[in-house]
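One structure below.
Here's what the structure looks like:
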């Protein structure tokens with residue numbers, strides 16, 4: 383990028399928030415999946431600055447990659463075509479929490495956990511809880527349509543959006559939605575932006591709907607001899623009219639791998655473990671927990687433990703929460719896919735994915751949100767081993783083919799980004815791609831917003 | 383339309399499903415808001431027929447207005463620019479109900495009530511319940527993103543869509559979503575189509591998510607001395623962590639007008655009536671009903687009645703359910719707006735709308751879904767009285783201006799169509815309109831789909 387152009391961008395945000403030293407560029411070149419090559423990093427503080435930056439970038443045809451906390455697992459914020467990284471860290475104010483209208487207005491750089499804590503302190507609840515919630519930004523959650531364990535009962539980020547403020551590719555400011563919970567005025571631009579992975583606009587303000595905080599919860603940890611027993615339990619629970627807050631699945635490979643590294647006392651002889659949480663009014667929670675315990679006794683599960691207070695609950699979550707940290711420690715590189723299928727197809731997906739992993743010689747463990755069919759096959763890899771990565775690529779294609787055959791989707795919550803771009807044609811046909819590209823072209827005719835990603839004809843190979 | 387062209391369309395669907403006698407054209411010229419002037423009515427039975435019709439219409443530049451049960455209150459299906467009415471009546475099969483994966487696949491012409499009954503017979507539940515549910519079609523519900531009383535607790539049509547099959551303007555078949563409940567693969571075309579009012583495509587198949595049928599419910603009818611008391615009760619109930627299934631509001635003008643016509647024994651001295659319904663597990667329902675009754679006693683409401691079984695419940699609903707039939711009988715023409723505001727703003731909207739009605743001399747009663755701020759000011763009009771209609775138009779503009787000032791929206795569930803087109807600029811600014819039009823142009827470059835509606839520069843004045 384020419385020095386004269388850099389000077390013009392610097393004029394918009396000032397020298398402290400315009401970074402281009404090699405160290406700064408390197409620091410902003412990564413997300414949790416891959417590495418790009420930015421030429422300039424800008425940290426705007428206002429919608430007006432974002433607008434000015436995009437006006438200039440649009441005029442000059444400079445790529446702009448919006449970046450939240452860069453926790454993307456799919457390479458959504460990797461700046462693969464150079465240009466500008468637009469880092470939203472400094473737009474991090476909670477502008478309003480209304481207990482009366484049960485909503486919050488926040489800037490995109492607010493950490494999800496901070497929003498959780500702020501609204502819970504006044505008796506309200508913001509359900510979406512992606513695994514990265516203690517560091518992820520709300521803006522990134524919206525751009526990804528992030529999910530999380532609690533989404534089984536409460537729905538995903540999309541379901542909590544009332545309105546957005548979005549700066550479009552040409553720098554114009556678009557306001558979508560309203561403060562009303564029902565709104566069918568015009569096209570649903572709020573939800574078009576949600577999950578668009580930074581390719582249609584830069585989110586500068588988010589209005590979220592809040593709900594009353596559940597009164598209490600109960601956690602139940604159960605283990606099974608076979609995959610089928612675990613799967614039947616899921617059907618049984620939901621069939622009994624119980625919609626748990628979470629229904630987390632861990633397979634034997636996960637339990638064994640984590641136990642080997644971390645020595646948590648996990649049941650390595652079990653074929654699967656289910657972590658079940660129910661929340662709501664005390665009476666309902668009590669009854670639902672009783673029904674689940676009854677099922678466990680009647681159908682002879684291997685083991686069942688009930689957490690009756692927050693401390694006991696937290697203990698039951700340990701294997702699920704810190705296990706992935708252990709996995710990261712045990713391998714150079716980890717890819718967590720999020721193939722999602724109708725719940726009846728979970729045993730097929732789990733079994734076939736393990737078969738493929740054995741066939742292709744790739745280390746695999748499987749986690750998942752079993753209640754909504756959102757599985758997380760986690761592959762432990764060596765990114766420097768090109769041959770292994772090529773094998774992994776073939777395995778992924780096979781797995782996604784099966785996923786789509788099951789009526790499922792490539793991604794339940796991580797998005798497509800760079801990672802799943804090569805597999806997109808398994809799910810989205812030519813008409814679908816043409817339609818998405820027509821919308822992209824209508825809103826970003828020069829293609830400056832987050833280029834090189836899922837909509838591109840020729841996706842870019844990422845660095846690590 | 384030229385005879386030779388009519389012959390080509392007739393060839394696609396056969397002579398029985400290609401109508402153009404004056405009687406048939408008249409029968410298909412209306413929806414519940416206005417009248418248009420179709421030149422041809424086609425009743426396709428398959429996606430292939432819809433696709434062939436659109437290919438030909440696209441080539442010849444013929445307007446196509448998709449039509450469900452024509453229960454639209456906003457003129458969404460009025461064929462104002464002539465051309466073809468595409469009546470979806472005959473695509474009315476329920477293709478699948480899966481209890482295992484809790485989903486149904488249906489054609490657009492399935493009556494909403496039939497879907498309700500079919501899934502409830504196997505213990506499942508499809509929550510959206512627009513007032514017209516006993517005659518409306520699912521396809522129209524999707525095109526409108528229809529709401530209903532139960533949407534307070536359960537969300538609107540949008541929240542139950544897994545995937546759609548849509549024939550685009552050029553006749554290509556687009557498939558969106560999947561059978562998985564979480565799906566973030568590409569842009570959210572499912573929700574872009576939902577609520578697009580027939581302007582982006584013709585829906586030919588709908589996959590909906592189902593939930594377990596609630597175990598039981600309880601209905602509570604309460605009356606109040608003042609609007610404020612009713613409004614405070616709504617805040618109190620939700621503040622107590624109770625999310626009722628429905629929280630229906632009826633104002634004094636409604637009670638008096640309906641009572642005068644129908645003699646149901648409604649409490650005409652009350653300033654407002656709230657019909658509260660809670661559902662779920664027996665224990666929870668029992669406790670929630672008790673809390674609401676306690677509130678009623680402590681805060682001295684005028685009256686409270688509890689329906690403890692389905693028959694008693696149905697009796698309490700009578701005033702709400704058949705009241706509008708009485709209103710229709712009492713006036714030549716009725717317009718039900720659906721101005722929607724954050725709940726704290728309901729008293730302001732109700733009070734100011736009554737003030738406006740008095741000022742402009744228009745008869746008004748107000749219903750509403752109080753829990754989500756979705757009000758229904760219902761105006762009783764004489765459409766042949768041009769001067770009165772002009773006054774009503776000015777009143778509407780004032781009312782919508784106040785609605786938007788309150789952070790609300792022109793439409794919570796009826797859509798914009800023809801009816802609210804003149805007021806759209808109160809809520810959607812130039813950037814918003816430009817963005818919507820860019821999307822429309824990208825997907826329907828010749829503008830053949832449902833022309834003359836909310837996106838048009840110059841909206842068409844409807845006939846009655």
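Protein chains in written order, with our numbering: chain F, 383 to 846; chain X, 383 to 846. Yeah, the Cβ is synthetic: ideal placement off N, Cα and C, and Gly gets one too.
Under 9 Å (Cβ pairs) to chain X, residues found in the stretch 462-495 of chain F: 480, 481, 482, 483, 484 and 485
Report yes or no: is there a C-beta of chain F within less than 8 Å of the C-beta of residue 793 of chain X? yes
Skipping 5 residues on each side, what residues in its chain have a beta carbon closer than 6 Å to that of residue 712 of chain X? 643
Along chain F, which residues have their Cβ under 7 Å away from the Cβ of residue 663 of chain X? 666 and 669
Just the Cα atoms here: how many angstroms apart are residue 478 of chain X and residue 502 of chain X? 14 Å
Where DSSP assigns a beta bridge to residue 818 of chain X, which residues make up the other side? DSSP output for residue 818 of chain X lists no bridge partner at all.
Helix or strand or just coil, what does DSSP make of residue 504 of chain F? coil
Report the CB separation of residue 656 of chain X from residue 622 of chain X in whole angstroms; it is logged as a contact under 8 Å. That belief does not hold up - the Cβ atoms of residue 656 of chain X and residue 622 of chain X are roughly 15 Å apart, past 8 Å.
Looking only at its chain, what residues have a beta carbon closer than 6 Å to the beta carbon of residue 407 of chain X, apart from the 5 residues adjacent to it on each side? 420
Any contact of the stretch 482-498 of chain F with the stretch 390-397 of chain X, i.e. 3+ C-beta pairs under 8 Å? no
Runs of beta strand (DSSP E) lying entirely within the stretch 595-678 of chain F, each at least 3 residues, in chain order: 598-606, 628-633 and 654-662
Give the residues of chain X in contact with residue 722 of chain F, contact being defined as C-beta atoms less than 7 Å apart. 562, 564 and 565
Tell me the rounded alpha-carbon separation between residue 339 of chain X and residue 629 of chain X. Nothing in the structure corresponds to residue 339 of chain X, since chain X is present only between 383 and 846.
Let me know the secondary structure DSSP gives residue 397 of chain F once reduced to three states. helix
Going by C-alpha to C-alpha distance, which of X:697, X:716 and X:698 sits closest to residue 706 of chain X? X:716
Among residues of its own chain, excluding the 5 on either side of residue 475 of chain X, which ones have a beta-carbon nearer than 6 Å to its beta-carbon? 489
Entirely within the stretch 752-838 of chain X and at least 4 residues each: give me those alpha helix (DSSP H) ranges in chain order. 768-787 and 812-825
Can you tell me the Cα-Cα spacing of residue 564 of chain X and residue 660 of chain F, whole angstroms? 20 Å
Counting along the chain, where does the beta strand (DSSP E) carrying residue 383 of chain X start and finish? No beta strand (DSSP E) holds residue 383 of chain X; DSSP gives it neither H nor E.
Strictly below 8 Å CB to CB, what residues from chain F border residue 836 of chain X? 568
Less than 8 Å separating the beta-carbons of residue 724 of chain F and residue 573 of chain X? no
Please name the residue in F:497, F:443, F:440 and F:431 whose C-alpha comes closest to that of residue 469 of chain F. F:431
Look at the alpha carbon of residue 686 of chain X and the alpha carbon of residue 666 of chain F, and state the distance between them as a whole number of angstroms. 26 Å
Output the boundary residues of the alpha helix (DSSP H) element that contains residue 404 of chain F. 404-409
Using DSSP with H/G/I as helix, E/B as strand and the rest coil, what is residue 472 of chain F? coil
Under 9 Å by beta carbon: chain F residues contacting residue 756 of chain X: 562, 563 and 564
Of the residues that make up the stretch 612-641 of chain F, which ones have a beta carbon closer than 9 Å to any beta carbon in chain X? 617, 620, 621, 622, 623, 624 and 625
Return the first residue and the last residue of the beta strand (DSSP E) that residue 692 of chain F is part of. Here residue 692 of chain F belongs to no beta strand (DSSP E); instead the alpha helix (DSSP H) covers 692-703.
Taking three-plus beta-carbon pairs below 8 Å as touching, is the stretch 578-589 of chain X in contact with the stretch 533-552 of chain X? yes
With 8 Å as the threshold, decide whether the Cβ of residue 857 of chain X is near any Cβ in chain F. This structure leaves residue 857 of chain X out entirely; chain X is present only between 383 and 846.
For residue 921 of chain F, which residues in the same chain have their Cβ closer than 7 Å to its Cβ, ignoring the five residues on either side in sequence? Nothing can be reported for residue 921 of chain F: it is not among the residues displayed for chain F, which extend from 383 to 846.
Applying the criterion that 16 or more other CB atoms from any shown protein chain within 10 Å of the CB defines a buried residue, is residue 692 of chain X buried or exposed? exposed
Which residues in the same chain have their Cβ closer than 6 Å to the Cβ of residue 735 of chain F, if we skip the five residues on either side of it in sequence? 759 and 781
Hey, residue 457 of chain F and residue 830 of chain F are a contact pair by Cβ (cut 8 Å); roughly how many whole angstroms apart? Residue 457 of chain F to residue 830 of chain F, Cβ: 18 Å. No contact.
Which residue or residues does DSSP assign as beta-bridge partners of residue 499 of chain F? Beta-bridge pairing links residue 499 of chain F to no other residue.
Euclidean distance between Cα positions of residue 387 of chain F and residue 410 of chain F: 20 Å
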